[in-house]
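Colleague: Structure incoming, see below.
Protein chains: 2
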Amino acid sequence: MKKLESIKEFDGYLERYSHYSECCQCEMVFSIYLPKQAVQEKVPALYWLSGLTCSDDNFRVKAGAQRYASEQGIALIIPDTSPRGEGVMDFPERYDLGIAAGFYVNATESPWDKNYQMYSYIVEELPALIEEHFPVVAGVKSISGHSMGGHGALICALKNPSAYCSVSAFSPICHPTQVPWGKDALGAYLGNDMEKWQQYDAVNLVQNGHKVETILVDQGTADEFLSDQLKPEALIEACEQQKINLNFRMQEGYDHSYHFISSFIGEHIAYHSNFLKKEMGD
Amino acid sequence: MKKLESIKEFDGYLERYSHYSECCQCEMVFSIYLPKQAVQEKVPALYWLSGLTCSDDNFRVKAGAQRYASEQGIALIIPDTSPRGEGVMDFPERYDLGIAAGFYVNATESPWDKNYQMYSYIVEELPALIEEHFPVVAGVKSISGHSMGGHGALICALKNPSAYCSVSAFSPICHPTQVPWGKDALGAYLGNDMEKWQQYDAVNLVQNGHKVETILVDQGTADEFLSDQLKPEALIEACEQQKINLNFRMQEGYDHSYHFISSFIGEHIAYHSNFLKKEMGD
């Protein structure tokens, strides 16, 4: 693992590392924010999954989350959104397929399957690496994300409810098997078998009995992708049927941008902090 | 004036406008954040001047200031750092001269003098435009900035002490007449007469009797430009000699980036808020 950068912020350090990923068979970059509390003791961690076109940089620069992580004494773990670099398959003319569009799945179709193993990377390889090398409490983690990353956070938690203390999302792609972004990506990465797609679709997972205790979602009403790509109504309905406590908040007038995330990230971090600290207290 | 964008953030609106500037003889773009309080009543304004290579976008995306402006009920006015666009003189191979490097002076040398009139734009034209079109309290404004913009904030306040309720700066170029960035820019824009340079140098202005009541400056000790370009020791000495209350805070371990600004912008906005509200109460 190689340290690329260390920047002091809110009394803690925002750092960036690269490491060779066995899952993705390439160098991967992530950022981590360690609040000052981590100098004295291990802290719990919030994983943040970013959306299409993003790297680890967008969230750390635009969301204003470090302030709240510093206040709450929580580490932020900010992975990349796909494998990238020389030799990694891409579709440069499309922003929603290939690099920066990994969709947090394990690809099964050639040539994507060689590197696009983001689901295992996020759920297994990266937490193991983080817990080995940084002052974070092993196993005490939560997950959140935005858009494609909101989808990622939902499926990671629904498929591994005991691995995450809590889950939240901003403007998630709730039902990727039914929207253009998701159909194209899942088709490319997983082939034509729709049953495989459903294993990475939050709505289908809930319908098929996957459960978490509670979910927090914020969604802006002025989000330009709301009706075509996000399909929150399907998630609301599925959670109602399966009696999952979904706190779905329609936020009047907010769009799909980081200005929306910045407005509510403090509430999300406080939300996760409650669950993380309860887990540590147990 | 043309509205380019309006984005909801922290219950207020972050907007971007373009307008024809008589000072700069070209279209100029600025951003304004109007907190929700501005729907009910006029609010005071904080002008933010950005540094080299920036436009109005950097501060609004990276500093996290809107949260505090929302809490305090203060408008943020975020101008561009130079004229720009077709026909505007530039030096594309240099980041510290021409576009995004206006240095907040009125250029006197051809060809710069045609458009590079940033001092008058910031001090006169833009506030008049803002106070005519937006719900801000006329004449109740403060000013802050970063690096080249920290220099800009200091000189605007020192040259117009009654126009600004308070002034602060992050990592300002304190003594531009004596450092590489400043010498090159002032030489290009103002020619060889060093007396003209000194009219835009905070240290020289203080030495020559320009006064403000108090100044707040934050400076990181890990700032890569500290020793070569910023020269805060000269400002500290000049303020001591002239009995100006300079609260100069060396912040251990912080660099020159927006991660530094984000860590302390809340304290700066609270600082300005005190002065602005005192002025409104009088």
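For the protein sequence lines, the chains are W and V, in the order given.
The first sequence maps to residues 168 to 449 in the working numbering.
The second sequence maps to residues 168 to 449 in the working numbering.
Where is the CB? At the ideal position from N, CA and C, for every residue including glycine.
Mind checking the stretch 351-371 of chain W against chain V and listing, in chain order, the residues whose C-beta falls within less than 8 Å of any C-beta there?
Modeller: So the list is empty, because no residue satisfies the distance condition.
Colleague: Can you find a CB in chain W that lies within less than 8 Å of the CB of G119(V)?
Modeller: Nothing about residue 119(V) can be read from this structure; chain V reaches only from 168 to 449.
Colleague: In terms of residues, what are the limits of the beta strand (DSSP E) holding D385(V)?
Modeller: From DSSP, the beta strand (DSSP E) with D385(V) extends over T381 to G387.
Colleague: Identify, in the order they occur along the chain, each residue of the same chain with its Cβ nearer than 7 Å to the Cβ of Y187(V), setting aside the five sequence neighbours on each side.
Modeller: E194, listed in sequence order.
Colleague: Would you mind working out which of N414(V), E238(V), D257(V) and Y288(V) sits nearest P246(V), comparing C-alpha positions?
Modeller: Checking every option, the nearest Cα to that of P246(V) belongs to Y288(V).
Colleague: In this structure, does DSSP put M195(W) in helix, strand or coil?
Modeller: Three-state DSSP puts M195(W) in a strand.
Colleague: Closest by CA to N273(V), which one among C190(V), K308(V) and Q207(V)?
Modeller: With distances taken between Cα atoms, N273(V) lies closest to C190(V).
Colleague: Return the chain-ordered list of same chain residues with a C-beta closer than 7 Å to the C-beta of K170(W), the five sequence neighbours on each side being excluded.
Modeller: Within the same chain, K170(W) has close Cβ partners E182 and Y184.
Colleague: K175(V) versus chain W: which residues are under 9 Å apart at the beta carbon?
Modeller: Correct list: G387, A389, Q418, E419, G420, Y421, D422, H426, F427 and S430.
Colleague: Sorted by chain position, which residues of the same chain lie with C-beta nearer than 6 Å to A205(W)'s C-beta, five sequence neighbours on each side aside?
Modeller: For A205(W), where only same-chain residues beyond five positions count, the Cβ hits under 6 Å are P302.
Colleague: Kindly confirm or deny that the stretch 321-336 of chain V and the stretch 219-236 of chain V touch, where touching means at least three C-beta pairs closer than 8 Å.
Modeller: Contact fails: fewer than three Cβ-Cβ distances are below 8 Å.
Colleague: Our contact map puts I436(W) next to A232(W) with C-beta atoms below 8 Å; I'd like the distance itself, whole angstroms only.
Modeller: At roughly 6 Å, the Cβ-Cβ gap stays under 8 Å, so I436(W) and A232(W) are in contact.
Colleague: Any beta-carbon of chain W closer than 8 Å to the one on V379(V)?
Modeller: Taking Cβ atoms only, chain W never reaches closer than 8 Å to V379(V), which makes this a no.
Colleague: Identify, in the order they occur along the chain, each residue of the same chain with its Cβ nearer than 8 Å to the Cβ of Y262(W), setting aside the five sequence neighbours on each side.
Modeller: For Y262(W), where only same-chain residues beyond five positions count, the Cβ hits under 8 Å are L219, T220 and A268.
Colleague: Out of M168(W), K444(W), M417(W) and L243(W), which has the shortest C-alpha to C-alpha gap to G312(W)?
Modeller: The residue with the shortest Cα to Cα distance from G312(W) is L243(W).
Colleague: Determine whether the Cβ of Y384(W) lies closer than 8 Å to any Cβ atom of chain V.
Modeller: Just to set this straight, residue 384(W) is Val in the shown sequence, not Tyr. Not closer than 8 Å to any Cβ of chain V, the Cβ of V384(W) fails to qualify, so no.
Colleague: Nearest CA to the CA of S440(V): which residue from E176(V), P399(V), C323(V) and Y214(V)?
Modeller: Selected option, being the one with the closest Cα: Y214(V).
Colleague: Going by Cα to Cα distance, which pick from D422(V), E291(V), V304(V) and E362(V) is closest to D390(V)?
Modeller: Comparing Cα positions, the closest option is D422(V).
Colleague: Are any of the Cβ atoms in chain V nearer than 8 Å to that of V210(W)?
Modeller: It does not; no Cβ of chain V falls within 8 Å.
Colleague: Hey, out of F392(V), D385(V), G306(V) and E380(V), whose CA is closest to W348(V)'s CA?
Modeller: The shortest Cα separation from W348(V) among F392(V), D385(V), G306(V) and E380(V) belongs to F392(V).
Colleague: Where does the unbroken beta strand (DSSP E) through E189(W) begin, and where does it stop?
Modeller: Taken as a continuous stretch (DSSP letters only), E189(W) belongs to no beta strand (DSSP E), as it is neither H nor E.
Colleague: Pull the bridge partners of G265(W) from the DSSP assignment, please.
Modeller: DSSP output for G265(W) lists A268(W) as bridge partner(s).
Colleague: Pull out every residue of the stretch 168-196 of chain W whose Cβ sits closer than 8 Å to any Cβ of chain V, in chain order.
Modeller: For the stretch 168-196 of chain W, which is checked against every Cβ of chain V, the residues closer than 8 Å are I174, K175, E176, F177, D178 and L181.
Colleague: Since H342(V) contacts V379(V) with CB under 8 Å, what's their CB separation in whole angstroms?
Modeller: No, H342(V) and V379(V) are not in contact; Cβ-Cβ is about 17 Å, not under 8 Å.
Colleague: Please state if the CB of F431(V) and the CB of D360(V) are separated by a distance shorter than 8 Å.
Modeller: Going by C-beta atoms, D360(V) is not nearer than 8 Å to F431(V).
Colleague: Tell me the residue span of the beta strand (DSSP E) that contains E446(W).
Modeller: Run containing E446(W): none in the beta strand (DSSP E); it sits in the alpha helix (DSSP H), Y425 to G448.
Colleague: Helix, strand or coil: which one does DSSP assign to N273(W)?
Modeller: Reduced to three states, the DSSP call for N273(W) is strand.
Colleague: Please state the DSSP three-state secondary structure of C329(W).
Modeller: Here the sequence assigns Ser to residue 329(W), which means Cys is not the residue at that position. Looking at S329(W) - three-state DSSP - the assignment turns out to be coil, as it is neither helix nor strand.
Colleague: CB-CB under 7 Å to A336(V), same chain, minus the five flanking residues each way: which ones, in chain order?
Modeller: Around A336(V): S311, G312, G317, A320, L321 and V384.
Colleague: Measuring straight from C-alpha to C-alpha, what distance separates L296(W) and F258(V)?
Modeller: Computed Cα separation, rounded: 46 Å.
Colleague: In the structure shown, what three-state DSSP assignment does V228(W) receive?
Modeller: Reduced to three states, the DSSP call for V228(W) is helix.
Colleague: In whole angstroms, what is the alpha-carbon distance linking G240(V) and P202(V)?
Modeller: Near 6 Å, if we compare the C-alpha coordinates of P202(V) and G240(V).
Colleague: Please list, in chain order, all residues of the same chain as I174(V) whose beta carbon is under 6 Å from its beta carbon, the five residues on each side excluded.
Modeller: Result list for I174(V): L181, in chain order.
Colleague: Can you pull the chain W residues whose beta carbon is under 9 Å from the beta carbon of R234(V), in chain order?
Modeller: Residues of chain W passing the Cβ test: G231, R234, S429, S430 and G433.
Colleague: Does the Cβ-Cβ distance between S338(V) and S309(V) come in under 8 Å?
Modeller: Result no, Cβ atoms of S338(V) and S309(V) do not sit closer than 8 Å.
Colleague: If we define contact as Cβ-Cβ less than 8 Å, is V206(W) a contact residue for chain V?
Modeller: Taking Cβ atoms only, chain V never reaches closer than 8 Å to V206(W), which makes this a no.
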